[in-house]
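Numbering (UniProt numbering), first residue to last: 1 to 41.
Everything below concerns the one structure shown next.
Below you can see the structure in the form of structure tokens.
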């Protein structure tokens with residue numbers, strides 16, 4: 001993975017959560033969404 005070189009903002013996580021509550025995401029179940037900007041291993 002390649003780091004983005006910047007820290008994430010709360011609105012980025014909020015957009016993901018808002019999308020997960022839409023009908024477009026209705027088939028996503030039991031997933032872990034990592035939000036580490038490419039810094040994780």
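Glycine residues also receive a C-beta, built at the ideal position from the N, C-alpha and C atoms.
Being a predicted model, the structure only gives us computed values, none of them experimental.
query	result
Suppose you measure from the CA of residue 26 to the CA of residue 32; what does that come to, to the nearest Å?	15 Å
Among 13, 36 and 17, whose alpha-carbon lies nearest the alpha-carbon of residue 28?	17
Which first and last residues belong to the alpha helix (DSSP H) in which residue 23 is found?	Residue 23 -> no alpha helix (DSSP H), and no H or E assigned at all.
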